[in-house]
Amino acid sequence: MLVAPHVAAAARSLSSRSPRLSRGSAGAAPLTYTGGPAFVREPREELFLLAVGNFVSQQTFYESGQERDDRYARLVGELAVQEPEWTAGLLRWLRSEADMRSASLVGAAAYVRARLDAGVSHGPSNRTVIDSVLQRADEPGELLAHWISAYGRNVPQPVKRGVADGVRRLYTSRSLLKYDTGSRAFRFGDVLNLVHASPDPAKPWQGPLFRYALDRRHHPERAVPPASDRMLTAHRALMESAPDERRALVTGPGGPERLAAAGVTWEALAGWLHGPMDAAVWEAIIPAMAPMALLRNLRNFDEAGVSDEVAAAVAARLTDASEVARSRQFPFRYLAAYQHAPSQRWAAALEEALGHSLANVPALPGRTLILVDRSDSMFWDTVSERSRLTRADAAALFGTALALRAEEADLVEFGWGSATVPFAPGEPVLEVLKRFRSLGGTFTAKALRKHYRDHDRVLIVTDEQTASYDPVTPTKPVPARVPLYTWNLAGYRPAHAPTGRNRHTFGGLTDAAFRMVGLIEARREAAWPWTMEPDLTSPVAGQGLAPLPDRTASAAAGRIEEC
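Residue 130 in the numbering used here sits at position 134 of the sequence shown; the count goes up by one each step and never skips.
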């Protein structure tokens, strides 16, 4: 999404001065970055919101990437010493459910470094915390690369042992072909050399695999895959085929099966083929592509002209709830795919896939007021450095999903002013999103005064940086007896309201923490997302796991999935 000129100008002026959070002078009241009334978060809440709303080194409207990284490492280090069980639980949950890869890896390293520096050993061990955040085969190398970059080449034993535990779980023939490439800072062989991981005794194939990984790194000219490993052997034979034979091997009889048996990725195929990635080539590799790869390549499929039959197979995978869950994609990835795909044949499938990716959004009973922040800062920040989608897009996405699931909801966009966003029951999320606008400043209290009418609860999706022109605490218009949930998408330090009874703050770029709303509504104690599983016998908590209304099943029965 293009940034409006007045938003860009505001960002430039803000970057030239220090944040306006007043904490240093005695008696000074804390302020938001725009000078509005604010509250200081306790360290655990500050760390949680920063972790779930931040990609490492990402520049935001009010903070530089380095400032956010430093604040994150400091908070993790302090809490690793003071509250290690809580911190270890956060880091594990970040990787397992919130799908924040970089934040969990960087956080695990900071956890270990702080505890080693402080000389403490109580709580979850350094080794187990390192192991808990490693869930993809390239992550052992990424964690080691980060450690050496941040803390030097002296890698302590707990880090080595935790990485070795991860290596035994994650290193397979398929992962070697996918992640052990020359573009990686740490090859599989580098990791094995550094941590001295021994093969898992329950995996007799792993010893030969480790030796092959070492040979690929140090003696590639004479590295030979284990004869017992069919995938590696098939891959080598395919890669060594004559260039003029390759297209026939891919597009001829048995081509898709040949590619799958050899563990060939679409990225490797594009470089190896020495020819165009036309419809026939895409149709051969599509059955072996992961959901993320399918989602990223919808435009390529259309431009190459893949057949309707193949597109239907892709759509079927996109709309498979189990595939969506396994792919662990951020909901905004489906919105990005919808915006960037050149044709409408993917729209119904992407809408249904988006619904599956929002499975934890609760179906709230009664009357609900939902406010979506459309201020300048929400439009300036993108959800990640590699995305064009903004936090405003993410806010509208979550707010709309909440409204469509609720029994009765008023959906409101706010900034300098505010307005109701119309929607119909069962309407596609992606259609409702087209009605949101950019609205300037952050006048939260003004919007609440205008739109709150004895609702049973209020949810605000925002970065919490309220404007200075209204000195009233933004949440004051809502009676203390009414639950008010703030969904924070940015993780800034100042909060727009205190937390406490009937005042709750969550955050993140996935729906993972939304289940907390269902637990609280069901009157169950739910301090943090990783401390309690939802009670599926509760009508509200159970509703929180329901999919969006099925309005696309018939339309998607012939169309496509991941990123």
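Ideal placement from N, C-alpha and C gives every residue a C-beta, glycine not left out.
- E409 burial status per 10 Å Cβ neighbour count (16 or more: buried): Along the sequence shown, one-based indexing puts residue 409 at 413. Residue environment analysis places E409 among the buried positions, since at least 16 neighbouring C-beta atoms fall within 10 angstroms of its C-beta.
- Item | Per DSSP, the bridge partner or partners of A405 | Indexing the sequence shown from 1 puts residue 405 at position 409. Paired residue(s): T364.
- Task: Out of E299, G351, S303, A276, point me to the one whose CA is closest to L314's CA.
- Result: For this step, residue 314 is matched to residue 318 along the sequence shown. Comparing Cα positions, the closest option is G351.
- Terminal residues of the continuous alpha helix (DSSP H) containing W143? Residue numbering aside, residue 143 sits at position 147 when the sequence shown is read from its first letter. For W143, the uninterrupted alpha helix (DSSP H) segment begins and ends at 135 to 147.
- CB of L112 within 9 Å of CB of P154, strictly: If you number the sequence shown from 1, residue 112 lands on position 116. If you number the sequence shown from 1, residue 154 lands on position 158. Taking the C-beta atoms as reference points, P154 is found nearer than 9 Å to L112.
- Helix, strand or coil for V302 per DSSP? By 1-based counting over the sequence shown, the position of residue 302 is 306. Under the three-state reduction of DSSP, V302 is assigned to coil, being neither helix nor strand.
- Item | Within 9 Å, strictly: CB atoms of V159 and A193 | Against the sequence shown, residue 159 aligns to sequence position 163. Against the sequence shown, residue 193 aligns to sequence position 197. Against a cut-off of 9 Å, the Cβ pair of A193 and V159 comes out as a contact.
- Query: Leaving out five residues before and five after A76 in sequence, what residues of the same chain have Cβ atoms less than 6 Å from its Cβ?
  - Reply: Here the question's residue 76 lines up with position 80 in the sequence shown. Here A76 has T83, Y107, A110, R111 as same chain residues with Cβ atoms under 6 Å from its own Cβ, once five neighbours each way along the sequence are excluded.
- Message: Using only the alpha-carbon positions, how far apart do T378 and E253 sit?
- Response: Against the sequence shown, residue 378 aligns to sequence position 382. Against the sequence shown, residue 253 aligns to sequence position 257. If you take the alpha carbons of T378 and E253, they lie about 40 Å apart.
- Hey, out of S224, L398, E299, A476, whose CA is closest to P338's CA? Residue 338 sits at position 342 when you count from the first residue of the sequence shown. Taking only the C-alpha atoms, the option nearest P338 is E299.
- Item | Host alpha helix (DSSP H) of R207 (start-end) | Within the sequence shown, the letter at position 211 stands for residue 207. Run containing R207: 202 to 214, per the alpha helix (DSSP H) assignment.
- Message: Can you give me the C-alpha to C-alpha distance between W268 and E93, rounded to a whole angstrom?
- Response: What you label residue 268 is simply residue 272 of the sequence shown in a count that begins at 1. What you label residue 93 is simply residue 97 of the sequence shown in a count that begins at 1. Roughly 36 Å separates the two Cα atoms.
- Message: If contacts are defined as beta-carbon pairs under 8 Å, then V457 and V368 qualify, I think. What distance do you get, rounded to the angstrom?
- Response: Here residue 457 is taken as the residue at index 461 of the sequence shown, counted from 1. Here residue 368 is taken as the residue at index 372 of the sequence shown, counted from 1. Correct: roughly 5 Å between the Cβ atoms.
- Query: Thinking C-beta only, is D225 closer than 9 Å to G185?
  - Reply: If you number the sequence shown from 1, residue 185 lands on position 189. If you number the sequence shown from 1, residue 225 lands on position 229. Cβ atoms of G185 and D225: not closer than 9 Å.
- Exposed unless 16 or more other CB atoms sit within 10 angstroms - verdict on E347: Within the sequence shown, numbered from 1, the residue matching residue 347 stands at position 351. Around the CB of E347, 16 or more other CB atoms lie within 10 Å, so the residue is classed as buried.
- Message: Taking the straight line between their C-alpha atoms, what separation do you get for I144 and A69?
- Response: As a position in the sequence shown, residue 144 is number 148, starting the count at 1. As a position in the sequence shown, residue 69 is number 73, starting the count at 1. If I take the Cα positions, the gap works out to 15 Å.
- Message: I'd like the ranges of any beta strand (DSSP E) spanning at least 3 consecutive residues and lying wholly in the stretch 382 to 458.
- Response: Taken in chain order, the unbroken stretches of beta strand (DSSP E) that lie wholly in the stretch 382 to 458 and span 3 residues or more are 404 to 410, 414 to 416, 453 to 458.
- On the three-pair Cβ rule with 8 Å, is the stretch 279 to 298 touching the stretch 351 to 361? Short answer: they don't touch.
- Message: Looking at the strands, I want to know which residues DSSP matches up with W483.
- Response: Position 487 of the sequence shown, counted from the first residue, corresponds to residue 483. Answer by DSSP bridge pairing, in chain order: V457, F502.
- Message: With the cut-off set at 9 Å, would you say M288 and Q335 are in Cβ contact?
- Response: Position 292 of the sequence shown holds residue 288. Position 339 of the sequence shown holds residue 335. Inclusion of M288 and Q335 in the CB contact set at 9 Å is not warranted, their separation being larger than that value.
- Message: In the DSSP output, which residue or residues are listed as bridge partners for D316?
- Response: For the purposes of this step, residue 316 is taken as residue 320 along the sequence shown, with counting starting at 1. In the DSSP secondary-structure assignment, D316 is not bridged to any residue.
- Burial state of M96, where buried means 16 or more other Cβ atoms lie within 10 Å: In the sequence shown, counting from the first residue as 1, residue 96 sits at position 100. Label assigned to M96: buried.
- Of the residues E236, L485, P327, E517, which one's Cα is nearest the Cα of A47? Against the sequence shown, residue 47 aligns to sequence position 51. Ranking E236, L485, P327, E517 by Cα distance to A47 puts L485 first.
- Query: In whole angstroms, what is the alpha-carbon distance linking F394 and A275?
  - Reply: Locating residue 394 in the sequence shown gives position 398, counting from the first residue. Locating residue 275 in the sequence shown gives position 279, counting from the first residue. Taking the straight line from one Cα to the other gives about 36 Å.
- Query: Contact between the stretch 237 to 252 and the stretch 276 to 286: three or more CB pairs below 8 Å?
  - Reply: Because the criterion of three Cβ pairs below 8 Å is met, the stretch 237 to 252 and the stretch 276 to 286 touch.
- Message: Spatial neighbours of A181 within its chain, please: C-beta separation below 6 Å, excluding the five flanking residues on both sides.
- Response: Taking the first residue of the sequence shown as position 1, residue 181 is located at position 185. Excluding residues within five positions, the ones whose Cβ falls inside 6 Å are A141.
- Query: Taking C-alpha atoms, which residue in N150, R157, V151 lies nearest to S121?
  - Reply: Position 125 of the sequence shown holds residue 121. When only C-alpha atoms are compared, the closest one is R157.
- Of the residues P200, P136, Y481, the one placed nearest P222, counting alpha carbons only: Here the question's residue 222 lines up with position 226 in the sequence shown. Taking the Cα of P222 as reference, the smallest distance to any Cα among P200, P136, Y481 is reached at P200.
- Hey, V357 and A397: beta-carbon distance below 9 Å or not? Mapped onto the sequence shown, residue 357 falls at position 361. Mapped onto the sequence shown, residue 397 falls at position 401. In this structure, A397 lies closer than 9 Å to V357 by Cβ.
- Proximity to L426 [Cα-Cα], best of T124, L400, A476: Counted from its first residue, the sequence shown places residue 426 at position 430. Closest option to L426, Cα to Cα, is L400.
- Message: Is the separation between the beta-carbon of L365 and that of Y330 shorter than 9 Å?
- Response: For this step, residue 365 is matched to residue 369 along the sequence shown. For this step, residue 330 is matched to residue 334 along the sequence shown. Between L365 and Y330, the CB-CB gap reaches or exceeds 9 Å.
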